[in-house]
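Worksheet: the structure to be examined is printed underneath.
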Amino acid sequence: MDGKSKHLLSIADLDEEKIISLLDSARSFAQVSTRPIKKVPALRGRTIVNLFFEPSTRTRMSFELAAKRLSADVISFSSGSSSLSKGESLKDTAKTIVAMGVDAVVVRHSSSGVPHILSNWIDCSVINAGDGMHEHPTQALLDLYTMRERLGRLEGLKVAIVGDIDHSRVARSNIIALNKVGAEVLLVAPHSLLPAKIEEMGVSITGSLDEALTWCDVLYLLRIQLERVSESRFPSLREYTLQFGLTQTRWSKCTSKPLVMHPGPMNRGVEIASVVADEVEPVITGQVAAGVAVRMAVLYDLLGGGNE
Amino acid sequence: MAFIARAKLLDAEDMRRIIRRISHEILEKNKGSDDLALLGIRTRGAFLAKRLAKDIEEIEGKPLLVGTLDVSMYRDDIGSRPQARVGPTEIDFDINEKKVVIVDDVLYTGRTTRAAMDAIMDFGRPKVIQLCVLVDRGHRELPIRADYVGKNIPTSGGERVKVSLVEVDGVDMVEIGKES
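Chains as they are written, first to last, in the numbering used here: chain A, 1 to 308; chain B, 309 to 488.
Structure representation (structure tokens):
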């Protein structure tokens, strides 16, 4: 069907037109969540499995809610309580699940590339819900959705992404997506948190958050992933906060306030001061609500069309 | 796929008269426009609903509730037809206890109408739902009948009825023909 893909593995596989079309559909799906009856029968009879090999609250719940609002049946799998702990391989686990007759698998894994491998092994749709340090395509879509709804456009938008770019699949997916829709991206981070050759992705780099603040329309703060990054990457958390954190002083000095976004969960007092976090919270919780709508659009796009 | 027209069945003048006539029929059947609401099915039904509403407002001299319905989330045939972008549904009024008229361009299998009724029920409980179509081309697959019909056009299954509207296509007309 018109070269329509049955997977969503990477934001790189989508062109600008597809991204905009998903964001348009998401707007209609967002409206479903505001109705007295928050459910439509679009995917009735379809089965979706959430395969989460890495802890996640918001992404898993968001996918689950999205599937349920489309009337699909959802099974959730988390690695802790499964046969994986008995030594079953990823391939066997996946094959077993698909043998039960599911239409889509939503995968989160700590290793990059797992969704790609799964899509070769199994017959149903595979959706990447975050793989290692590689990509998190639905996060990028919901971030673009939020920017578009709040600021009215994407083209020419100046977006500064601050923090641990190296470990961040969110940053990677956002950079790719923002480039595709014609936004400008500036990365703000110490050199120790930037991957090699990142300039080749079509971004500018600065070490000064103050400089970024005067330039940007959107300030996208990444979470310092305390579980992934050791303090050897920077002298201390306090030092990081002073240079790259959105402190109260920095925020109050900022004259034209950008839209502040964060993928959550926030480390208050590290990348963002608690007081500032309270102030910008509506946008960040708005991102969460957008997540459900965008995932509804993605599921509908992959499962609603002519796959059979 | 390109559409090859065999004959033009309605032109702009015909359409204008039909809309005028149906406006009167709707008012006659519902004894005025109190508690009346028109819901047009995207894309062309939505514009037809707006035209009807304009006529009815002119006749009655008071504003009429009109909304837009996107039924793609309610269809039973996804998977067997190419998929369009899901458009917004715009009903910014309470439909409980209203007399709702669904407006569509072509009535064919009845499946779109069924989807529209399901969608409406999720917004509330109208007092009555009626159906208004510009063209009824037959071949129903569900027990559905229109209350207001612009023109009955007998067709065969292989034929296609193409409705063009100024708002979308730049011209008002209805043609019959084939896809090739």
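All C-beta atoms in this analysis are idealised placements derived from N, C-alpha and C, irrespective of residue type, glycine included.
Cβ of residue i within 8 Å of any chain B Cβ
| i | result |
| --- | --- |
| A/Tyr-145 | no |
| A/Ser-33 | no |
| A/Asp-15 | no |
| A/Asp-103 | no |
| A/Val-298 | no |
| A/Phe-63 | no |
| A/Arg-27 | yes |
| A/Ser-21 | yes |
| A/Ala-319 | Nothing can be reported for residue 319 of chain A, as the shown portion of chain A is limited to 1 through 308. |
| A/Ile-127 | no |
| A/Asp-73 | no |
| A/Ile-37 | yes |
| A/Asp-24 | yes |
Close Cβ partners of residue i (< 6 Å) along its chain, the five nearest in sequence each way excluded
| i | result |
| --- | --- |
| B/Tyr-456 | Ile-330, Glu-333, Cys-440 |
| A/Glu-155 | Gly-182 |
| B/Ala-423 | Val-379, Tyr-382, Arg-383 |
| A/Met-201 | Ile-175 |
| B/Asp-343 | Lys-406, Lys-407 |
Simplified DSSP assignment, three categories, for residue i
| i | result |
| --- | --- |
| A/Thr-247 | coil |
| A/Leu-118 | helix |
| B/Lys-459 | strand |
| A/Val-270 | coil |
| B/Arg-324 | helix |
| A/Phe-234 | coil |
| A/Asn-307 | Caution applies to A/Asn-307, whose pLDDT of 36 falls short of 50 and renders its modelled position unreliable; the model cannot decide the point. |
| A/Asn-174 | helix |
| A/Gly-130 | strand |
| A/Lys-158 | strand |
| B/Asp-384 | coil |
| B/Asp-444 | strand |
| A/Tyr-300 | helix |
| A/Met-147 | helix |
| B/Met-309 | coil |
| B/Leu-346 | strand |
| A/Tyr-220 | strand |
| A/Ser-21 | helix |
| A/Val-275 | helix |
| A/Asp-2 | Its pLDDT being 43, under 50, A/Asp-2 is placed unreliably in this model, and the coordinates cannot settle the point. |
Residue i, buried or exposed, once every other Cβ within 10 Å from all chains shown has been counted against 16
| i | result |
| --- | --- |
| A/Asn-120 | exposed |
| B/Lys-407 | buried |
| A/Gly-306 | Per-residue confidence for A/Gly-306 stands at a pLDDT of 45, beneath the threshold of 50, marking its modelled position as unreliable; no derived number is given. |
| A/Leu-8 | buried |
| B/Asn-460 | exposed |
| B/Phe-431 | buried |
| A/Met-309 | Residue 309 of chain A is absent from the model: chain A starts at 1 and stops at 308. |
| A/Met-1 | Interpretation of A/Met-1 is limited by its pLDDT of 37, a score under 50 that renders its predicted location unreliable; the figure taken from the coordinates is listed afterwards. Label assigned to A/Met-1: exposed. |
| A/Asp-164 | buried |
| B/Gly-474 | Checking the sequence shown, residue 474 of chain B turns out to be Val, not Gly. B/Val-474 should be labelled exposed. |
| A/Glu-271 | buried |
| A/Ile-153 | Correcting the residue identity first, residue 153 of chain A is Arg in this sequence and not Ile. Counting Cβ neighbours within 10 Å, A/Arg-153 comes out exposed, since fewer than 16 surround it. |
| B/Arg-350 | buried |
| A/Ser-10 | buried |
| A/Asn-128 | buried |
Minimum Cβ-Cβ distance from residue i to chain A less than 8 Å
| i | result |
| --- | --- |
| B/Thr-397 | yes |
| B/Phe-401 | no |
| B/Val-270 | There is simply no residue 270 of chain B to check, as chain B begins at 309 and stops at 488 in what is shown. |
| B/Asp-322 | no |
| B/Met-309 | no |
| B/Tyr-489 | A question about residue 489 of chain B goes unanswered here, because the residues of chain B that appear run from 309 up to 488. |
| B/Phe-431 | yes |
| B/Asp-378 | yes |
| B/Asp-480 | no |
For residue i, the residue or residues it bridges with in DSSP
| i | result |
| --- | --- |
| B/Gln-438 | B/Val-409 |
| B/Ile-484 | B/Ala-315, B/Val-469 |
| A/Asp-73 | A/Thr-47 |
| B/Glu-398 | B/Thr-376 |
| A/Phe-52 | A/Ser-78, A/Arg-108 |
| A/Gly-135 | Per the sequence presented here, residue 135 of chain A reads as Glu, with Gly not at that position. A/Glu-135 is bridged to A/Asp-131. |
| A/Thr-206 | A/Val-188 |
| A/Ser-125 | A/Ala-104 |
| A/Val-330 | Beyond the ends of chain A as shown, which are 1 and 308, falls residue 330 of chain A; an answer cannot be given. |
| A/Val-292 | Paired residues: none, contrary to the question. |
Close-in-space but distant-in-sequence residues of the same chain around residue i (CB under 7 Å, 5 per side omitted)
| i | result |
| --- | --- |
| B/Pro-462 | Gly-446 |
| A/Ser-112 | Asp-131, Gly-132, Met-133, His-134 |
| A/Glu-64 | Asn-50, Val-74, Ser-76 |
| B/Gly-466 | Lys-486 |
Own chain, CB closer than 8 Å to residue i, minus 5 neighbours either side, in chain order
| i | result |
| --- | --- |
| A/Glu-308 | The predicted model places A/Glu-308 with a pLDDT of 36, which falls under 50 and marks its position as unreliable; any figure quoted below should be read in that light. Same-chain partners within the cutoff: there are none. |
| A/Ala-289 | Ala-30, Ser-33 |
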